[in-house]
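Okay, so here's the structure we're looking at.
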Amino acid sequence: MSLRRLALLTFCVLLAACSKVNQENFAKLSAGMPRAEVESLLGKPTDCSGALGMSSCTWGDKNSFISVQYAGDRVVLFSGQGLK
């Protein structure tokens, strides 16, 4: 294996290990938390949708994710799956 491939592989493994979608960050979420604080904690969401002042954002993928529902810009509900 070339040194360049080894460096790229190492970088990918480290990046995956630094995911903000984890049990520790999920435990920091609370109802009423502002959207800006959630995004500061979890980063930019993978997906968002909404209408009429309600929205839902998700971080992660289908196997490991955190989902947050907002009314305005405040958390009303949140859930997670596959968190480590």
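According to our numbering, the residues represented by the sequence shown are 94 to 177, in order. Beta carbons are placed, not taken as given, at the ideal position from N, Cα and C, and that holds for glycine. A quick note: this is a predicted structure, and the numbers were derived from the prediction, not measured.
Which of helix, strand or coil DSSP assigns to residue i
| i | result |
| --- | --- |
| A164 | strand |
| V169 | strand |
First through last residue of the beta strand (DSSP E) which encompasses residue i
| i | result |
| --- | --- |
| S148 | M147 to G153 |
| S142 | D140 to A144 |
Host alpha helix (DSSP H) of residue i (start-end)
| i | result |
| --- | --- |
| A133 | Residue identity differs from the one stated: residue 133 is Ser in this sequence, not Ala. Counting along the chain, the alpha helix (DSSP H) containing S133 begins and ends at R128 to L135. |
| A120 | Q116 to A120 |
Contact under 9 Å by Cβ, residue i with residue j
| i | j | result |
| --- | --- | --- |
| S157 | L176 | yes |
| S126 | R167 | Here residue 126 is Met; the residue named in the question, Ser, does not match the sequence. Cβ distance < 9 Å, so M126 and R167 count as in contact. |
Rounded Cβ spacing between residue i and residue j (contact assumed at less than 8 Å)
| i | j | result |
| --- | --- | --- |
| V161 | V114 | Contact flag wrong, Cβ pair sits at about 12 Å. |
| G165 | I159 | Their Cβ separation, rounded to whole angstroms, is 19 Å, which puts G165 and I159 out of contact at 8 Å. |
Burial state of residue i (16 or more Cβ within 10 Å)
| i | result |
| --- | --- |
| C150 | buried |
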